[in-house]
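J.: Protein chains in written order, with our numbering: chain A, 1 to 401; chain B, 1 to 265. Backbone N, C-alpha and C fix where the C-beta goes; we use that ideal spot for every residue, glycine too. Questions regarding the structure given below will be posed in turn.
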Amino acid sequence: MTALSPTHRPGADGAVVHARGLSKRFGALTAVDAVDFDVAPGEAFGFLGPNGAGKTSTMRMIGCVSPVTEGTLRVLGMDPATAGPRIRARLGVVPQENTLDNELTVAENLLIHGRYFDLPRGLIRQRAAELLDFVQLTERAKDEVEPLSGGMKRRLTIARALINEPDLLLLDEPTTGLDPQARHLLWDRLYRLKQRGVTLVLTTHYMDEAEQLCDRLVVMDRARIVAEGSPRELIDRYVTREVLELRFPAETQAALYTEAVAASEDTEPDVAPLTPHEVEPVSAVVGPYALESGTAGSGRADVRAPDNGPESRWAALDGTTAGETATGVPEGWSAGELRSALEGSSERVEILPDRTLLYTSDGEASAAAVHERGLRPDSVLVRRSTLEDVFLRLTGRRLID
Amino acid sequence: MSAIARPAPSRLPGLHVLEFNVAVYRRNWRGSVFSSFLEPVLFLAAMGVGLGSFVSSGGGTVGGVSYLEFLAPGLLAAQAMQTASGEAAWPILGRVKWDKTYFAMLASPLGVGDLLVGEIIWITLRMAMVCTVFFGVMVAFRAVLSPLGIFAIPAGMLTGIAFAAPIIGYSARLNNDAGFNALFRFVITPLFLFSGTFFPIDQLPAFLQPIAYLTPLWHGVSLTRGLTLGTIEPALAVVNVAVLLGYVAAGLVVARVSLARRLVT
């Protein structure tokens, strides 16, 4: 597999990508705000963040197709401002949107792209055969690109990005829009590239993708880096080992949510992105609450708080027949008491319109504590914390459009 | 291995963009070759022979030559304009907007200048094909009176590039192809009709004549007609070539700036 044996020649300081105070502004809009990071040779490095966080802008600057507004950027030890073509000769780029030549065949796409790198045709043909085998497209070599499936086009784009045996492969949301089978096949291929020592830099907003592929990652939010580490480190640092998910009956949950929002308005919860130093791993902070119940249409149950107000007691909620089985809460409790009970059972509580998350080192113990206090949620789920919990903790639950 | 894998950069990287164009053309050349042959045949038969015999039946000539001989070189320049404009319109917007081919090219050592060089060389080659075929049809219709007429081919090519260069710049700024309707309806078609192709511009109202002298098509028609009829005046020919080269140079600057603004942000 000569086409896939890279030779690493990073910069003098050893980093394949080195950024200090890197900024990108478009007029008044700051897309990337003074970020620092280093990517080591052979590493799989990820940029995580919601839409508009600045991931693609950062990738385009690394790809030497977007001038740096401010700060230092070195790619393969060179300055993109002065050595753009020399850097790009050693990069492979998988852009967010496919840029394949739809009128040409699969094989022609590889041949033409290889020619942009000034490679001899014979060498390109040899590499193309190997790469098509690698991405399982050999049988489609003579077919036009247009009718291929999304997954096939993505694989072809990756094969094309490897035609110059890049030292650094940039992947901008490599699996967005693909079905699970196609995603897993792509992950497998990217994992093999990593094993062969290719340095990967990728952006994603799929947490499972980041956990699968990235040795190290940074979380970006609103143009800044808000956290950095391995997936495991980030989970250890920002969330507890396990999460207990409780679903109370809809009206109970709605009252609890309303009360929590009211309480948090008194204490001014910190919904701004947390920097690593500001985060207290064990705390009883409740929140954030930026997602209001009325806007919870994105796949969540549309729960509306009852008019009774947060001070109303559970016996009154259900009228005459209120009881444990209907509300899941001992008779006579207020929403504030329920919240206190939940907080007493875990290290941190997050109350959402449709469910309540208890962050805890031992999910079973917390579940038992909840039960002991006489609480009877409709459903109880104990799970390991994931990068998704970290992501939501750091970037909030606001909908970003 | 790596010595083979990373050769010295080629002297003209834009030639790789030309290779892309050739690869695309190889897949759809039949229609384009057919129409570049059919159009001059139809136009010369209908306008030159048909309308021409009607003109000469009244004993009329245009400046001492038959209408066919007058019309044919004008149509050559006009067809160069139309083909070059088309090549600089939809394909360029497609590579910026729909297929995003240019973004793939820029993920290689190629730069914006290389893209422009490659596209201009390609359109120049297309002009060579179109003008050569047109000239061949003219010869078949016995519409070439001077041996100098062979130079109508490069004159037609230059006319085409004078349109292609600025139109590449225009296309690079568009968000959809509605802008091309305006371009062809309000620029290309009026020029086709009123730049001296079908009748001498001294037939135009006096206030329109200076405008016609400013358009690249009038200079292209003046050159090709002077060459095929053998009536070329050196001083005027120098002005014609200078104006066309001026359009090419200004167009290339506009195209370079527009492409960079669109692609390198």
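Take Val228 (chain B) as the anchor and find which of B:Pro91, B:Ala72, B:Leu115, B:Leu106 has the nearest alpha-carbon.
T.: The residue asked about is misnamed: residue 228 (chain B) is Thr in this sequence, not Val. The residue with the shortest Cα to Cα distance from Thr228 (chain B) is B:Ala72.
J.: Kindly indicate if chain B contains any beta-carbon less than 8 Å away from that of Thr99 (chain A).
T.: yes
J.: Please state the DSSP three-state secondary structure of Asp318 (chain A).
T.: Only weak support exists for where Asp318 (chain A) lies, its pLDDT of 41 falling under 50; the value from the coordinates is given anyway. Assigned with DSSP and collapsed to three states, Asp318 (chain A) falls in coil, not helix or strand.
J.: Output the distance between the C-alpha atoms of Ser366 (chain A) and Val380 (chain A), rounded to the nearest integer angstrom.
T.: 11 Å
J.: In chain A, which residues lie with their C-beta within 8 Å of the C-beta of Pro109 (chain B)?
T.: Pro85, Arg86, Arg88, Ala89, Tyr116, Phe117, Asp118
J.: With distance defined between alpha-carbon atoms, name the residue in A:Leu185, A:Thr56, A:Arg20, A:Pro147 nearest to Leu170 (chain A).
T.: A:Thr56
J.: Hey, quick one: how far does the beta strand (DSSP E) through Gly229 (chain A) stretch, first residue to last?
T.: 224-229
J.: Could you name the residues of the same chain whose beta carbon sits closer than 6 Å to that of Arg224 (chain A), not counting the 5 residues immediately before and after it, in chain order?
T.: Asp33
J.: State yes or no: is the C-beta of Ala143 (chain B) within less than 8 Å of the C-beta of Glu233 (chain B)?
T.: Not in contact: Ala143 (chain B) and Glu233 (chain B) (Cβ atoms no closer than 8 Å).
J.: Find the residues of chain A that neighbour Met47 (chain B), judging by a C-beta separation of less than 7 Å, and give them in chain order.
T.: By Cβ distance, chain A contributes nothing, its closest Cβ being about 35 Å from Met47 (chain B), past 7 Å.
J.: Can you confirm whether the stretch 39-46 of chain A touches the stretch 185-202 of chain A when touching is taken to mean that 3 or more C-beta pairs between the two stretches lie within less than 8 Å?
T.: yes
J.: Using a cut-off of 8 Å between C-beta atoms, extract the partners of Gly63 (chain A) located in chain B.
T.: Near Gly63 (chain A) (Cβ distances below 8 Å), the residues of chain B are Ala107.
J.: Straight-line CA distance for Thr58 (chain A) to Ile188 (chain B)?
T.: Distance between the alpha carbons of Thr58 (chain A) and Ile188 (chain B): 42 Å.
J.: Opposite Thr356 (chain A) in the DSSP bridges: which residues?
T.: A:Leu246, A:Ile351
J.: For Ser108 (chain B), count neighbouring C-beta atoms within 10 Å of its own C-beta (all shown protein chains included) and say buried if the count is 16 or more, exposed if not.
T.: Classification of Ser108 (chain B): buried, given that the 10 Å Cβ count is 16 or more.
J.: Using only the alpha-carbon positions, how far apart do Arg256 (chain B) and Leu263 (chain B) sit?
T.: 11 Å
J.: Alpha helix (DSSP H) containing Thr395 (chain A): first to last residue?
T.: 387-395
J.: Cα separation between Leu15 (chain B) and Gly118 (chain B)?
T.: So the two alpha carbons sit approximately 6 Å from each other.
J.: What number of angstroms, rounded off, separates the C-alpha of Ala53 (chain A) from the C-alpha of Thr69 (chain A)?
T.: 17 Å
J.: Are Glu211 (chain A) and Leu387 (chain A) close, meaning C-beta to C-beta below 8 Å?
T.: yes
J.: Helix, strand or coil: which one does DSSP assign to Ala143 (chain B)?
T.: In this structure, DSSP gives Ala143 (chain B) a state outside helix and strand, which the three-state scheme calls coil.
J.: How far does the beta strand (DSSP E) with Gly71 (chain A) in it extend, from its first residue to its last?
T.: 70-75
J.: In chain B, which residues lie with their C-beta within 8 Å of the C-beta of His113 (chain A)?
T.: Within 8 Å Cβ-Cβ: Ala104, Ser108.
J.: With 8 Å set as the bound, which would you pick, yes or no: does the beta-carbon of Val135 (chain A) sit closer than that to a beta-carbon of chain B?
T.: no
J.: Applying the 10 Å Cβ sphere with the 16-neighbour rule, what's the burial state of Glu364 (chain A)?
T.: exposed
J.: Is it true that the stretch 389-398 of chain A meets the stretch 89-104 of chain B, where meeting means three or more beta-carbon pairs spaced less than 8 Å apart?
T.: no
J.: When you compare only the Cα positions, how much space is there between Tyr289 (chain A) and Phe391 (chain A)?
T.: Note on Tyr289 (chain A): pLDDT 34, under 50, position unreliable in the model; the coordinate value appears next. Tyr289 (chain A) and Phe391 (chain A) have their alpha carbons spaced roughly 15 Å apart.
J.: Quick one: is Leu317 (chain A) buried, meaning 16 or more other Cβ sit within 10 Å of its Cβ, or exposed?
T.: With a pLDDT of only 41 at Leu317 (chain A), under the threshold of 50, the placement of this residue in the model should not be trusted; the figure read from the coordinates follows. By the 10 Å Cβ count, Leu317 (chain A) comes out buried.
J.: Is Arg348 (chain A) buried or exposed, if buried means 16 or more other CB atoms sit within 10 Å of its CB?
T.: So Arg348 (chain A) counts as buried.
J.: Touch check for the stretch 103-111 of chain A and the stretch 122-138 of chain B: three-plus C-beta pairs under 8 Å?
T.: Output reads no: the stretch 122-138 of chain B does not touch the stretch 103-111 of chain A.
J.: For a contact defined as C-beta to C-beta under 8 Å, what are the partners of His219 (chain B) on chain A?
T.: Correct list: empty, because the minimum Cβ distance to chain A is about 35 Å.
J.: Rounded to the nearest angstrom, what separates Ala152 (chain B) and Phe186 (chain B) at their Cα positions?
T.: Rounded to whole angstroms, the separation of the alpha carbons of Phe186 (chain B) and Ala152 (chain B) is 27 Å.
J.: At the level of alpha carbons, what is the spacing between Arg121 (chain A) and Arg88 (chain A)?
T.: 20 Å
J.: State whether the stretch 29-44 of chain B contacts the stretch 156-166 of chain B, with contact taken as three or more CB pairs (one from each stretch) at a distance under 8 Å.
T.: no
J.: Over the uninterrupted alpha helix (DSSP H) stretch that includes His113 (chain A), give me the two end residues.
T.: 106-116
J.: Does any CB atom of chain A fall closer than 8 Å to the CB of Arg6 (chain B)?
T.: In this predicted model, Arg6 (chain B) has a pLDDT of only 47, less than 50, meaning its place in the structure is not dependable enough to derive any value.
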